[in-house]
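Residue numbers (the working numbering): 10 to 383.
Dropping the structure here:
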């Protein structure tokens, strides 16, 4: 039977949204590595009230074969990205499919035709729905569970995507490191020298002043990442929405802010890998029993993920990065974690890759952003 592609409205039609979300559970059932997301979080992502949609438009499709849902894709026109980077492109995201060339072709064709009809010259992805969320197709490192807010897919995705004329746009790396490693002497010295400066201070995030703290992080983030490939400044409302989601899972001991002469200058955010707890909730539902697993999440978590680190451009030669590395290592061990993932890192970001390799971190997963001219 041929493949049929049906447009679905995930933002306004609850039945369509449920179909779109539930497909993951059908495709990955029995996969020992896949970690289910919480359906509550996915429903929030596809709410028309989500601030992302203030500067973007989407179209979504489901593929049906033999009467069963077998694939999905979303086309994304991110006006903020095109304005910031002076580009004229569209994105695809939230892609899933069975291992079937016809299904892949049908879904990508739907996204390509829509994006081309909007006058765009290139399609890029996957972006779910942008670089400020989750991105990339996993192309190596399939033996280890994905960490919090990192993607996972079947190995056949790369081959079948490339068969449709897609090629590499950029690779993103995930580094793995045992927290009991010996910090390189050069990094310790730079950190110690920076700490001696009476202008440089560091502190943990103050949860009692969360709103103000998130403003500080937002300001640093948009400055520190401005020149990075694919970066899109986050609207204040979008940043607040993201921080609200993170607040329920973060460990305040793992978020550090550096200041220079009293001005916030850099930060590092590490999150407990709550995916280790989510794996105990295979249906993705909090009720009736999933909530108890999450309430006891700490006993499942042995690793953490450095989600982001940034230093304002004018403070990048003061050794703040070394302070953030050395202090986060100690704080992670003190909190009972024995492993850390640093992700994702652009393959050509030497300022990030070199220190991590010097620490002994291993690039153990690669995520690829694909692109195709239309």
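Where a beta carbon is used, it is the ideal one built from N, C-alpha and C, also for glycine.
Am I right that residue i and residue j are in contact with their C-beta atoms under 8 Å? What's the rounded C-beta distance?
i: residue 382; j: residue 121; result: Rounded, the Cβ-Cβ distance is 10 Å, inconsistent with contact.
i: residue 284; j: residue 154; result: 6 Å
i: residue 102; j: residue 72; result: With 8 Å as the limit, residue 102 and residue 72 do not qualify as a contact, their Cβ atoms being about 15 Å apart.
i: residue 181; j: residue 161; result: With 8 Å as the limit, residue 181 and residue 161 do not qualify as a contact, their Cβ atoms being about 14 Å apart.
i: residue 179; j: residue 234; result: With a Cβ gap of about 15 Å, residue 179 and residue 234 do not count as contacting.
i: residue 14; j: residue 116; result: 6 Å
i: residue 16; j: residue 63; result: The Cβ separation is near 22 Å, so there is no contact.
i: residue 150; j: residue 371; result: Actually they are not in contact, since the Cβ atoms of residue 150 and residue 371 sit about 10 Å apart, beyond 8 Å.
i: residue 262; j: residue 339; result: Not quite, the Cβ-Cβ distance comes to about 10 Å (not below 8 Å), so this is no contact.
i: residue 346; j: residue 313; result: 5 Å
Is there a C-beta anywhere in chain D that falls below 8 Å from the one on residue i?
i: residue 271; result: As a matter of chain content, chain D is missing from the structure shown, which is built from one protein chain.
Assuming residue i is part of the beta strand (DSSP E), what are its boundary residues?
i: residue 353; result: 348-355
i: residue 161; result: Unbroken run through residue 161: none, as it is neither H nor E.
i: residue 133; result: 131-134
Quick check: what's the CA-CA separation for residue i versus residue j?
i: residue 169; j: residue 26; result: 26 Å
i: residue 45; j: residue 82; result: 18 Å
i: residue 88; j: residue 241; result: 10 Å
i: residue 236; j: residue 211; result: 25 Å
i: residue 129; j: residue 380; result: 13 Å
i: residue 134; j: residue 289; result: 30 Å
i: residue 275; j: residue 12; result: 50 Å
i: residue 355; j: residue 368; result: 18 Å
i: residue 37; j: residue 194; result: 44 Å
i: residue 344; j: residue 216; result: 17 Å
i: residue 18; j: residue 256; result: 29 Å
i: residue 272; j: residue 264; result: 17 Å
i: residue 352; j: residue 359; result: 14 Å
i: residue 208; j: residue 230; result: 21 Å
i: residue 304; j: residue 286; result: With a pLDDT of 49 at residue 304, under the threshold of 50, the modelled position of this residue cannot be trusted; read the value that follows with caution. Looking at the two C-alpha atoms, the distance is approximately 9 Å.
i: residue 31; j: residue 220; result: 34 Å
i: residue 310; j: residue 139; result: 28 Å
i: residue 364; j: residue 75; result: 52 Å
i: residue 232; j: residue 248; result: 14 Å
i: residue 278; j: residue 318; result: 6 Å
Evaluate residue i with the Cβ neighbour count: other Cβ atoms within 10 Å of its Cβ, from every protein chain shown; 16 or more gives buried, anything less gives exposed.
i: residue 190; result: exposed
i: residue 156; result: buried
i: residue 21; result: exposed
i: residue 141; result: buried
i: residue 145; result: buried
i: residue 41; result: exposed
i: residue 39; result: exposed
i: residue 127; result: exposed
i: residue 49; result: exposed
i: residue 270; result: exposed
I'd like the span of the alpha helix (DSSP H) that includes residue i, first residue to last.
i: residue 195; result: 194-205
i: residue 231; result: 219-233
i: residue 170; result: 165-171
i: residue 112; result: 110-126
i: residue 332; result: 329-343
i: residue 149; result: Here residue 149 belongs to no alpha helix (DSSP H); instead the beta strand (DSSP E) covers 146-149.
i: residue 37; result: 23-37
i: residue 250; result: 245-256
i: residue 96; result: Per DSSP, residue 96 belongs to no alpha helix (DSSP H) and is neither H nor E.
i: residue 50; result: 48-54
For residue i, list the residues DSSP reports as bridge partners.
i: residue 267; result: 211, 275
i: residue 79; result: Beta-bridge pairing links residue 79 to no other residue.
i: residue 372; result: 184
i: residue 318; result: 277
i: residue 91; result: Note: residue 91 sits in no beta bridge, so no partner.
i: residue 13; result: 73
i: residue 313; result: 281, 349
i: residue 102; result: 83
i: residue 288; result: Paired residues: none, contrary to the question.
i: residue 143; result: 137
i: residue 178; result: Residue 178 pairs with nothing; no bridge assigned.
i: residue 382; result: 131
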